[in-house]
Amino acid sequence: AQTVTQSQPEMSVQEAETVTLSCTYDTSESNYYLFWYKQPPSRQMILVIRQEAYKQQNATENRFSVNFQKAAKSFSLKISDSQLGDTAMYFCAFSTSGTYKYIFGTGTRLKVLA
Amino acid sequence: NAGVTQTPKFQVLKTGQSMTLQCAQDMNHNSMYWYRQDPGMGLRLIYYSASEGTTDKGEVPNGYNVSRLNKREFSLRLESAAPSQTSVYFCAVFYKDRDYGYTFGSGTRLTVV
């Protein structure tokens, strides 16, 4: 069975600093997709960044970047220059092609401190 | 959320009551999903529909039924609500064109007392 593990239930970071959220997964598939979603207090699920497993280059989206280590099955999210608006729950998710069902981790609650 | 509309946003039910959560998309995509979110457990898949007229069970289908009568709409029904079904429910649509991923609805917070 495929699983996604987020081992950090809560984290905090000072405004303008850098923080890394960890995510590991387990699968026997060779082709899959990985995602990070942000859920602010509004409850809305917002896509932060995505990565296809066949791409070796790590995805980046402005202040957000990932460190994708396929052999280690690790997909960490780095937030640079943290802002107060980054305070949210962050979910790592895994999907394979075909049904595109997502498997989510249990989330990391991030608090950015002023 | 743009493209996926969920109703209602909040609901309180008594144990044993029934209700239907509605989800509609204007994105013209085939795959739709229902998830529930519980504290400390992330989001778990209840049911999904790969295309109009087809549905399949996810990880936690017990106590729920779904209906995909057309491409736009995918509803989730609780026939006899139980306190264990207190949760936040999300509908999602998978899109794949130049980009890919889920678009989520805004969620329904359901409390069963």
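From first to last, the protein sequence lines stand for chains A and B. One gets this note's numbering by counting positions in the first sequence from 1 and adding 52 to each. One gets this note's numbering by counting positions in the second sequence from 1 and adding 49 to each. Heads up, the beta-carbon is just placed ideally off N, CA and C, and yes, glycines get one too. All of these numbers come straight from a predicted model, not from anything done at the bench.
Would T160 of chain A be called buried (16 or more neighbouring beta carbons within 10 Å of its own) or exposed? The residue in question, T160 of chain A, is buried, as its Cβ has 16 or more Cβ neighbours within 10 Å.
Establish whether the CB of M90 of chain B and some CB of chain A are separated by less than 8 Å. So yes, M90 of chain B belongs to the interface.
Indicate whether at least one CB of chain B lies closer than 8 Å to the CB of Y154 of chain A. Yes - at least one Cβ of chain B is within 8 Å of the one on Y154 of chain A.
Helix, strand or coil: which one does DSSP assign to G159 of chain A? G159 of chain A: coil per DSSP, three-state reduction.
Does the stretch 53-69 of chain B come into contact with the stretch 80-92 of chain A, if we say contact requires no fewer than three beta-carbon pairs (one atom in each stretch) closer than 8 Å? Result no; under three Cβ-Cβ pairs closer than 8 Å.
Out of A:G157, A:L129 and A:K163, which one is the CA nearest neighbour of L73 of chain A? Considering only alpha carbons, the answer is A:L129.
Is there contact here, the stretch 81-98 of chain B with the stretch 115-132 of chain B, by at least three beta-carbon pairs under 8 Å? Output reads yes: the stretch 115-132 of chain B touches the stretch 81-98 of chain B.
Under the three-state reduction of DSSP, which class applies to D87 of chain B: helix, strand or coil? Annotated three-state conformation of D87 of chain B is strand, per DSSP.
Could you name the residues of chain B that L73 of chain A contacts, counting a contact when the two beta carbons are closer than 9 Å? Within 9 Å Cβ-Cβ: nothing; L73 of chain A doesn't reach chain B, min ~14 Å.
State the beta-bridge partners of Y151 of chain B as determined by DSSP. Per DSSP, the beta-bridge partners of Y151 of chain B are B:F143.
L122 of chain B - containing beta strand (DSSP E), residue span: The sequence as given places Glu at residue 122 of chain B; Leu does not occur at that position. Per DSSP, E122 of chain B belongs to no beta strand (DSSP E) and is neither H nor E.
Quick check: S64 of chain A and L136 of chain A, are their CB atoms within less than 8 Å of each other? No, they are not a contact pair.
Taking C-alpha atoms, which residue in B:L159, B:V161, B:F153 and B:R158 lies nearest to M76 of chain B? Among B:L159, B:V161, B:F153 and B:R158, the Cα nearest to that of M76 of chain B belongs to B:F153.
Taking Cβ positions only, does M63 of chain A come closer than 8 Å to chain B? Chain B has no Cβ within less than 8 Å of the Cβ of M63 of chain A.
Starting from the C-beta of G158 of chain A, find all residues in its chain whose C-beta is less than 7 Å away, skip the five residues before and the five after it, and write them out in chain order. Per the sequence presented here, residue 158 of chain A reads as Thr, with Gly not at that position. So the qualifying residues of the chain are Q58.
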